[in-house]
Amino acid sequence: MEKYAIVGGTPLTGQVEIGGAKNAALAILAAAVMTDDPVTIENVPDVRDTRVLMQAMESIGIKIEHIDRHTVKMDSSKVSDCVIDDEYMKKIRASYYMIGALLGKYKRAEVPLPGGCNIGIRAIDQHLKGFRALGAEVRIEHGSIVATATDLRGNHIFMDKVSVGATINVMMAASMAAGKTIIENAAKEPHVVDLANFLNSMGANIKGAGTDVIRIKGVEKLHGSNYAIIPDQIEAGTFMMAAAATKGDVVVKNVIPKHLECITAKLQEIGCLVEEYDDAVRIKCDKTLANTQVKTLPYPGFPTDMQPQMTVLLGTAQGTSIVTESIFDNRFKYVDELARMGANIKVEGNTAIISGVDKYSGASITAPDLRAGAALVIAALVADGESVVDDITYIERGYEDFDQKLAGLGANIVRVASERELKMSRLKLVE
Ligand code: EPZ
-6 MEKYAIVGGT
4 PLTGQVEIGG
14 AKNAALAILA
24 AAVMTDDPVT
34 IENVPDVRDT
44 RVLMQAMESI
54 GIKIEHIDRH
64 TVKMDSSKVS
74 DCVIDDEYMK
84 KIRASYYMIG
94 ALLGKYKRAE
104 VPLPGGCNIG
114 IRAIDQHLKG
124 FRALGAEVRI
134 EHGSIVATAT
144 DLRGNHIFMD
154 KVSVGATINV
164 MMAASMAAGK
174 TIIENAAKEP
184 HVVDLANFLN
194 SMGANIKGAG
204 TDVIRIKGVE
214 KLHGSNYAII
224 PDQIEAGTFM
234 MAAAATKGDV
244 VVKNVIPKHL
254 ECITAKLQEI
264 GCLVEEYDDA
274 VRIKCDKTLA
284 NTQVKTLPYP
294 GFPTDMQPQM
304 TVLLGTAQGT
314 SIVTESIFDN
324 RFKYVDELAR
334 MGANIKVEGN
344 TAIISGVDKY
354 SGASITAPDL
364 RAGAALVIAA
374 LVADGESVVD
384 DITYIERGYE
394 DFDQKLAGLG
404 ANIVRVASER
414 ELKMSRLKLV
424 E
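Going left to right, the sequence shown walks through residues -6 to 424 as the numbering used here numbers them.
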């Protein structure tokens, strides 16, 4: 099994280029099925989640041509089936975006219940409620969601909970429903806006994405488009945290600084210098950081996907910090691993009480999920001595060339695929 071997202690310096947003890409790739015309999508991150989704799409007859590593041309004119196989979909939660897309276009979809990162209970009731409000019949049968409709009709839908996935799914289906749909209490994340922009570029009529009321006038047909995905807010935030934790000086390029404001504000509050440019941010940090309190919230609040990285950073800050997770109910599993590196963190319910320690010490640790895995890598970059991070397949679901980008900033990190390679890497890392 692949691992990262890391020798910590080197401040990260230099420049790093951020890729396309994984979570926007998953929605946009799925939405491309909604037209028979060719669609070209640029800035698609080459990560496991996007690869699995594209394989699943190919399995129902969608032709995908890889123009280059980050550009795909999709032809969905010959969809053979609206049934997605379990094999792909157990692997990624975003499988369920195929329901909104297929239901909107073909008025039927059968998609296995989603898999993905295990970060707590992840209900789908708001998705189903939205589809039903649009006139679909939705059943759970043999582990799959089966949605069918004779016609979809627009409706006024109030989401009981702010949900990125439900907002995206309902927005897709409603784009091709007859009449007007209003989604109240909608999610406002940058990737919700990116999907709306993509659908509009295909001829949809969506207004208000990025606010909590989205208004959609259904259209009969969508047409082809050429679209570039926004930069990844969470990948950028992860490199910002890595720069701060290692007391480095890094320019994070190809970002939308507005999307990073809540992360920037917290870093500044605890003593980092953050400079914003048009499409880059520079993070410089050369002193022990101050403590703070952080609560994860829907956008524009502090993202749950940055919570583990922030906790790792505060683990070596002065005094006591408090991190409260308000989105998912099981997102502190990595704290046990961090404790093995010398962190002093107590978790009570959805709150982590962090007593800052002077430093972490290298250890063998296992990534429990995508973002926690990235956070443990940051801890290893700070730690004294060598760490081995196992189960990096989670990390590779959402970070492209994570080890290479970190190595480009001076980190002592190598990806190894066997015990033999691990032994060899030890020699290389301590050189
Ligand atoms: C998206 O997940 C992201 N995934 C997650 O990214 C991210 O952590 C999350 O949004 C929150 O920002 C993708 O975009 C593919 P939600 P999603 O629906 O859509 C509850 C990453 O690391 N809820 O906004 O599944 C739910 O239980 C990840 O890249 C309901 O109660 O999240 C949770 O408590 C992992 N009923 C909260 O809402 C529903 O029908 C937010 O979930 C749906 C959700």
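In this text, a Cβ means the ideal position worked out from N, Cα and C, and glycines have one as well.
Alpha-carbon spacing of residue i relative to residue j, whole angstroms
i           : j           : result
residue 258 : residue 248 : 16 Å
residue 291 : residue 320 : 8 Å
residue 211 : residue 409 : 50 Å
residue 67  : residue 98  : 16 Å
residue 139 : residue 233 : 42 Å
residue 175 : residue 207 : 6 Å
residue 147 : residue 377 : 58 Å
residue 204 : residue 179 : 7 Å
residue 297 : residue 100 : 33 Å
residue 339 : residue 328 : 8 Å
residue 84  : residue 23  : 16 Å
residue 163 : residue 120 : 7 Å
residue 277 : residue 256 : 14 Å
residue 373 : residue 335 : 11 Å
residue 159 : residue 414 : 43 Å
residue 150 : residue 79  : 30 Å
residue 289 : residue 92  : 28 Å
residue 307 : residue 316 : 9 Å
residue 386 : residue -6  : 8 Å
residue 115 : residue 154 : 12 Å
residue 131 : residue 48  : 25 Å
residue -4  : residue 145 : 47 Å
residue 295 : residue 231 : 13 Å
residue 172 : residue 193 : 16 Å
residue 314 : residue 261 : 15 Å
residue 38  : residue 135 : 33 Å
residue 326 : residue 361 : 7 Å
residue 368 : residue 240 : 16 Å
residue 284 : residue 312 : 6 Å
residue 303 : residue 219 : 36 Å
residue 356 : residue 19  : 34 Å
residue 333 : residue 358 : 8 Å
residue 224 : residue 347 : 31 Å
residue 274 : residue 125 : 43 Å
residue 388 : residue 399 : 13 Å
residue 75  : residue 418 : 47 Å
residue 64  : residue 318 : 35 Å
residue 3   : residue 323 : 32 Å
residue 213 : residue 43  : 28 Å
residue 59  : residue 12  : 17 Å
residue 56  : residue 379 : 45 Å
residue 272 : residue 245 : 9 Å
residue 270 : residue 229 : 14 Å
CB-CB length for residue i against residue j, believed under 8 Å
i           : j           : result
residue 17  : residue 209 : Rounded, the Cβ-Cβ distance is 18 Å, inconsistent with contact.
residue 425 : residue 366 : Any answer about residue 425 is impossible in this case: the structure gives the chain only from -6 up to 424.
residue 77  : residue 45  : With a Cβ gap of about 11 Å, residue 77 and residue 45 do not count as contacting.
residue 375 : residue 353 : 6 Å
residue 202 : residue 186 : 5 Å
residue 310 : residue 281 : 7 Å
residue 15  : residue 40  : 6 Å
residue 405 : residue 0   : 4 Å
residue 106 : residue 137 : 7 Å
residue 69  : residue 26  : 4 Å
residue 305 : residue 238 : 6 Å
Residues bridged to residue i [DSSP beta-bridge criterion]
i           : result
residue 140 : 102 and 131
residue 266 : 277
residue 151 : 177
residue 10  : 246
residue -4  : 409
residue 371 : Bridge partners of residue 371: none, in fact.
residue 146 : 171
residue 161 : Partner(s): none; residue 161 has no beta bridge.
residue 345 : 316 and 340
residue 32  : 67 and 218
residue 359 : 383
residue 354 : 377
Min CB distance residue i to chain B below 7 Å
i          : result
residue -1 : Looking for chain B here will not work: only one protein chain is present.
beta-carbon residue i near the ligand GTP non-hydrogen atom, thresh 6 Å
i           : result
residue 386 : With respect to the ligand GTP, the structure shown offers nothing to examine, as its ligands consist of the ligand EPZ.
**Request:** Kindly provide the ranges of any alpha helix (DSSP H) runs that are 4 or more residues long and lie completely inside the segment 376 to 415, ordered along the chain.
**Result:** 395 to 401
**Asked** Can you give, in chain order, each stretch of the alpha helix (DSSP H) that sits fully within the segment 180 to 262 and has at least 4 residues?
**Response** 183 to 194, 226 to 238 and 254 to 262
**Message:** For a minimum of 4 consecutive residues, which ranges assigned as the alpha helix (DSSP H) are wholly contained in the segment 306 to 342?
**Reply:** Runs found: 328 to 332.
**Request:** Jot down the residue ranges of each uninterrupted beta strand (DSSP E) in the segment 43 to 102, minimum 3 residues, whole runs only, in chain order.
**Result:** 56 to 61 and 64 to 68
**Message:** My parser needs the alpha helix (DSSP H) runs of 4 or more residues fully inside the segment 283 to 307; what are they?
**Reply:** 300 to 307
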